[in-house]
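**Student:**
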Amino acid sequence: MDLFSRSWDALLAAVAELREEDFARPSGCRGWLVRDLVCHLVIDAQDVLITLATPADTEPTRDAVTYWEVSDTPPSGEDPLDALTVRLAAAYEEPRLLTFHLDDVGSAAGRAARLADPALRVGTRDEVLAAGDYLGAYVLEWTLHHLDLVARLPHIPGPPAEGAARSREMLEKIAGTPFPASFSDQDALLVGTGRRDPTGAERAELGELAGRLPFVLG
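When we follow our numbering, the leftmost residue of the sequence shown carries the number 1, and every step to the right adds one.
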């Protein structure tokens with residue numbers, strides 16, 4: 001729960017540091033500008049609020065790792081929800097309106113997470129999770145999108161080290177095997193999720209795992 005808050009607070013702080021011209025730069029999400037990514041974070045924050053306000057009375061069906069649907073096909077930008085996100089982002093016109101909305105909804109999501117009972121069962125995507133597991137899954141979401149945000153913005157701080165380390169642990173559980181020890185946490189996340197291609201040397205270190213990449217999480 002605490003790691004969710006630290007990861008989310010760091011991501012919100014990074015968005016607050018964006019310059020107006022940064023919003024028109026490409027992000028690390030294929031086909032999305034930084035403004036599109038920030039708009040997606042607004043939707044993510046709304047999802048957190050909705051889920052924490054949707055209690056369930058059945059046994060959990062997923063946990064922080066199995067929450068994710070895994071594919072080997074990177075997003076093309078043609079998914080209807082992805083396309084809607086781009087149109088919504090463009091509708092804000094001025095970046096300050098987008099950041100105001102994220103700060104407003106994002107702060108509420110952060111407060112709701114801090115107040116949530118980790119054992120509370122919540123429903124989302126036709127599945128049931130303990131609130132602690134649901135918020136734990138979002139540590140991976142926030143860390144990956146923080147990396148997406150700063151992909152071409154070296155003046156913006158990256159995600160917290162402890163969030164990156166926990167996210168690597170979750171990705172390795174999804175993969176069923178560890179990434180090479182020589183990989184930094186960020187490199188494991190970027191290569192593992194297809195955000196960048198491995199170098200020749202990295203591919204040799206990955207061995208059989210290289211043939212299973214990427215693990216696209218949705």
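All residues carry an ideal CB built from backbone N, CA and C; glycine is no exception.
Provide the residue span of the alpha helix (DSSP H) that contains Thr51, from first to last.
**Tutor:** Taking the sequence shown and counting its residues from 1, one reaches residue 51 at position 51. 34-52 is the extent of the alpha helix (DSSP H) around Thr51.
**Student:** What residues in its chain sit with their C-beta under 7 Å from that of Pro157, if we drop five residues either side in the sequence?
**Tutor:** Along the sequence shown, one-based indexing puts residue 157 at 157. Same-chain partners within the cutoff: Ala14.
**Student:** How is the beta strand (DSSP E) around Thr124 delimited, first residue to last?
**Tutor:** In the sequence shown, the residue the question calls residue 124 occupies position 124. Residues 121-124.
**Student:** Is Tyr92 near Leu84, with beta carbons less than 7 Å apart?
**Tutor:** Numbered from its first residue, the sequence shown carries residue 92 at position 92. Numbered from its first residue, the sequence shown carries residue 84 at position 84. In this structure, Leu84 does not lie closer than 7 Å to Tyr92 by Cβ.
**Student:** Extract the residue ranges of the alpha helix (DSSP H) inside the stretch 166-196, only unbroken runs of 4 or more that lie entirely within it.
**Tutor:** Here the runs fully enclosed are 185-192.
**Student:** Can you tell me where the alpha helix (DSSP H) holding Ala130 begins and where it ends?
**Tutor:** Locating residue 130 in the sequence shown gives position 130, where the first residue counts as 1. Note, Ala130: premise wrong, no alpha helix (DSSP H); beta strand (DSSP E) at 127-130.
**Student:** Distance check for Tyr67 and Gln186, CA to CA, integer angstroms please.
**Tutor:** In the sequence shown, residue 186 corresponds to position 186, counting from 1. In the sequence shown, residue 67 corresponds to position 67, counting from 1. Their backbone Cα atoms lie some 21 Å apart in a straight line.
**Student:** I need the boundaries of the alpha helix (DSSP H) containing Val86, first residue and last residue.
**Tutor:** Mapped onto the sequence shown, residue 86 falls at position 86. Here the alpha helix (DSSP H) through Val86 covers 80-91.
**Student:** For my contact list, Val122 and Thr54 are in at a C-beta cut-off of 8 Å; report their separation, rounded to the angstrom.
**Tutor:** Here residue 122 refers to the residue found at position 122 when the sequence shown is read from its first residue. Here residue 54 refers to the residue found at position 54 when the sequence shown is read from its first residue. That pair is a contact at about 6 Å.
**Student:** With three or more C-beta pairs closer than 8 Å as the rule, is the stretch 42-56 touching the stretch 113-133?
**Tutor:** Segments in contact, yes.
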